[in-house]
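Protein chains: 2
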Amino acid sequence: MKIICSKSKLLHGVNIVSKAVPSRTTMAILECILIDASTNEIKLTANDMELGIETKIEGEIIEKGIIALDAKIFSEIVRKLPDNDVVIETDSNFKTVITCEKAKFNIVGKSGEDFSYLPYIEKSDFITISQFTLKEVIRQTIFSIADNDTNKLMTGELFEINDNELKVVSLDGHRISIRKIELKESYDSKKVVVPGKTLNEISKILSGEVDEEVKMFFTKNHIVFEFDNTMVVSRLIEGEYFKIAQMLSSDYETKIKVNKKELLSCIDRATLLVKEGDKKPIIININDEIMELKINSFVGSMNEDIDISKEGKDILIGFNPKFLIDALRVIEDEEVTIYLVNPKAPCFIKDENEKYIYLILPVNFNAS
Amino acid sequence: MKIICSKSKLLHGVNIVSKAVPSRTTMAILECILIDASTNEIKLTANDMELGIETKIEGEIIEKGIIALDAKIFSEIVRKLPDNDVVIETDSNFKTVITCEKAKFNIVGKSGEDFSYLPYIEKSDFITISQFTLKEVIRQTIFSIADNDTNKLMTGELFEINDNELKVVSLDGHRISIRKIELKESYDSKKVVVPGKTLNEISKILSGEVDEEVKMFFTKNHIVFEFDNTMVVSRLIEGEYFKIAQMLSSDYETKIKVNKKELLSCIDRATLLVKEGDKKPIIININDEIMELKINSFVGSMNEDIDISKEGKDILIGFNPKFLIDALRVIEDEEVTIYLVNPKAPCFIKDENEKYIYLILPVNFNAS
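Protein chains in written order, with the numbering used here: chain B, 1020 to 1387; chain V, 1020 to 1387.
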């Protein structure tokens, strides 16, 4: 194989597919990036068997061929090359010479034939969404997936399509995050659970541009994201997702409106007294038009008042401050509305149209 | 005690003195920042017994007093307060209330009387230098102090003053870095060894402005840096510094001139094949007007040619690439001159006036 392409395009491609290189694996071939120039295109591929990424890069193919190169070393080399044309040449023993200007690297690759290709996906059923929207909706929900494998379904996010609405849901047993997106067209109903890892990696690759699009294809076991010159294939998580409808209620005893930034900075300040691991709740005392926030820890105590507008009863309730911070951080509204029932029932932070709903369970605390 | 000062000024002061708070200590009081408002000034102090920093901050003293507050918690609180006036109030039990707008923190401090004050220094003997120059000269030499305590003197830097010249030297047994600074005035001769930790911390505090000055005071056991509203007191390292004059020679067999940036990027590229720990040298082959750099490792090999201008013999010599990188990074010249004798003798990177001299010992390598 012998190919020539610019350092910048090569680096861009390598950075994209690197997201699917597993950090630890028993299969050495998976630690590689496959360079496939066996047809008329140069394709880079990485695949950890759950998540696979393939991207096409511009370049010239002098001699067709295919090679697998250690991802870490190859990407380090490309990163540090001068900003000029890069020549990659391999021989039948997988000896690879990478040349750029006067710099010449010799490394040994692996047979491209041993590489696990991406599964073949029948691309029939798809929806279209802007890169910006997909990136945003991931950011706005990904924090509330569970970070351990006890319940596999909790480590992914529900993507549910009905007519022209995409609903994304994540939950970890203590909270639920829901975002609804209006699509430009109507589609057949779909319901899949996408692994959190896939979503994390894909949001790093997405440009986030409003006018660039992503096509999402659905099959029984896979989801495929196609955008720019890149294709991301991910397994889905099997099983029936949690029935969240019954956890959402629109009854409330207290409804407050509060400046989001003010509330967020206050909780942020309060948490500095709490060391990781000691689960000190933030205690919220809603009394007339004032929300008093209070935290007590081994280090000291903090309290602060915030002006609010209120409908309904006064209430005293405790929360894990991190859960409030996570939700408030991803809400763009200047003012948020919080609905409360009683100190044992979940609170809801949601907008009027329910474009977003954040459900957070309260925690018990010692009222004294 | 009750004082009022702006959050920004308080934070600035806390950030400065925090540099002298030890990360680990058996004396809990040393983990504190002392707020001393017992006179007409507000002073913050931290002291790890080797290095002490005191800085004055503007503010209003409502009630005189003194308190020691845990540095980590206090600085976290100050950092997260709103940008407004901060009130710090203590009672006779060292209970401390920090208030800013509606936020109110309660923490418990320690008696300021238990704090170790900075040693009293007779400020007679001093030199003056710009903050920029001091910061630069530290950056240009600090990398070649030894990082372990086997030889205490190697963990510091020699500051030697003769007439209107300040010479700063660091060495670790494999290399020597020397910088010479012309001072505005002439001073009595002085020769002290300043701990590397002190220099590292002080260069973080220095503004680096060309037209702001630092006064450096010298006593038998201490050095004091005075600038802005801040005073840094450090113990000196005792003992006679190494006689470096005899290690410096102006004889050479080969003298080359090379573009610094080109050489640095080339070595930087080469080192990506070397994992930390495996001591692979970079092999430099000087042949006519070409410098060939070559590295061989378990991962692969790399070679690159650089055009140079040369006087004297050809030479084949090996170096620890990190040592070359460290020196080249802090040299501002576009072109550097390197003097070599033979593959066993040190090389010198220096300018014509010897404002800087970097001596680096070569390493053995397998020529095959």
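No residue lacks a Cβ here, since even glycine has one placed at the ideal position from N, Cα and C.
Source: prediction; values computed, not measured.
- The alpha-carbon separation between Pro1101 (chain V) and Glu1120 (chain V) amounts to approximately 7 Å.
- Going by C-alpha positions, Tyr1136 (chain V) is about 45 Å away from Asn1278 (chain B).
- For Ala1039 (chain V), none of the residues of chain B pass the 7 Å Cβ criterion, the least Cβ distance being about 22 Å.
- Below the 7 Å Cβ cutoff, chain V contributes Gly1319 and Met1321 as neighbours of Phe1124 (chain B), in chain order.
- By the criterion of a C-beta distance shorter than 6 Å, Asp1333 (chain V) is surrounded in its chain by Ile1305 and Asn1306, once the five residues flanking it on both sides are discounted.
- Around the beta carbon of Glu1295 (chain B), fewer than 16 other beta carbons lie within 10 angstroms, which makes this residue exposed.
- Nearest to Ile1081 (chain B) by C-alpha distance, out of B:Leu1153, B:Thr1109 and B:Phe1134, is B:Thr1109.
- When Cβ pairs closer than 8 Å are counted between the two stretches, the segment 1195 to 1206 of chain V is seen to touch the segment 1152 to 1159 of chain V, the count reaching three or more.
- Following the DSSP letters along the chain, one finds Glu1373 (chain B) in no alpha helix (DSSP H), marked with neither H nor E.
- Only residues of its own chain outside the window of five on either side were considered, and among them Glu1060, Lys1062 and Asn1248 have a CB closer than 6 Å to the CB of Lys1075 (chain B), listed in chain order.
- According to the DSSP assignment, Lys1123 (chain V) belongs to the beta strand (DSSP E) that extends over Ala1122 to Val1127.
- Annotation for Lys1313 (chain V): Ile1302 and Asn1322 place their beta carbon closer than 6 Å to its own, counting only its chain and skipping 5 residues before and after.
- If only uninterrupted alpha helix (DSSP H) runs of at least 4 residues are considered, those enclosed by the segment 1233 to 1311 of chain V are 1279 to 1290.
- Residue contact check for Asp1133 (chain B) against chain V: no CB pair falls below 9 Å.
- If you look at Asn1034 (chain V), you'll find it in the alpha helix (DSSP H) that goes Lys1026 to Val1036.
- Boundaries of the alpha helix (DSSP H) around Arg1098 (chain V): Ala1090 to Lys1099.
- For Lys1154 (chain B), DSSP records no beta bridge to any residue.
- For Asn1315 (chain B), the pairing in a beta bridge is given by DSSP as B:Ser1320.
- One finds Ser1284, Asp1287, Arg1288 and Leu1291 in chain V with Cβ atoms closer than 8 Å to the Cβ of Lys1099 (chain B), taken in chain order.
- Contact between the segment 1361 to 1381 of chain B and the segment 1231 to 1245 of chain B is absent, with fewer than three C-beta pairs closer than 8 Å.
- Going by beta carbons, Asn1240 (chain V) and Leu1218 (chain V) fall outside the 9 Å limit.
- In this structure Asp1067 (chain V) touches Thr1044 (chain V) by the C-beta definition: roughly 7 Å separates them, less than 8 Å.
- Assigned with DSSP and collapsed to three states, Arg1348 (chain B) falls in helix.
- Within chain V, the residues Gly1319 have their CB atoms less than 8 Å from the CB of Val1127 (chain B), given in chain order.
- At a C-beta separation below 7 Å, Ile1303 (chain B) has no neighbours in chain V, since its nearest C-beta there lies roughly 14 Å away.
- Assignment of Ile1195 (chain V) by DSSP, reduced to helix, strand and coil, places it in the strand class.
- Below the 7 Å Cβ cutoff, chain V contributes no neighbours of Lys1299 (chain B), its closest Cβ being approximately 14 Å away.
- Beta-carbon to beta-carbon, Ser1094 (chain V) and Val1033 (chain V) are separated by about 5 Å, close enough to satisfy the 8 Å threshold.
- Straight-line spacing of the CA atoms in Asp1297 (chain B) and Asn1315 (chain B) works out to 11 Å.
- Listed along the chain, the chain V residues whose CB falls inside 8 Å of the CB of Asp1324 (chain B) are Lys1121.
- About 5 Å separates the Cβ atoms of Pro1362 (chain V) and Ile1336 (chain V), confirming a contact at the 8 Å cut-off.
- Residue contact with chain V for Ile1048 (chain B): absent (no Cβ-Cβ distance below 9 Å to any residue of chain V).
- The closest CA to that of Val1251 (chain B), considering only B:Phe1237, B:Gly1175 and B:Gly1071, is found on B:Gly1071.
- With 16 or more other CB atoms across the displayed protein chains lying within 10 angstroms of its CB, Lys1099 (chain V) is buried.
- In this structure, the straight-line span from the alpha carbon of Val1318 (chain V) to that of Leu1053 (chain B) is close to 18 Å.
- One finds Leu1291 in chain B with Cβ atoms closer than 7 Å to the Cβ of Ile1096 (chain V), taken in chain order.
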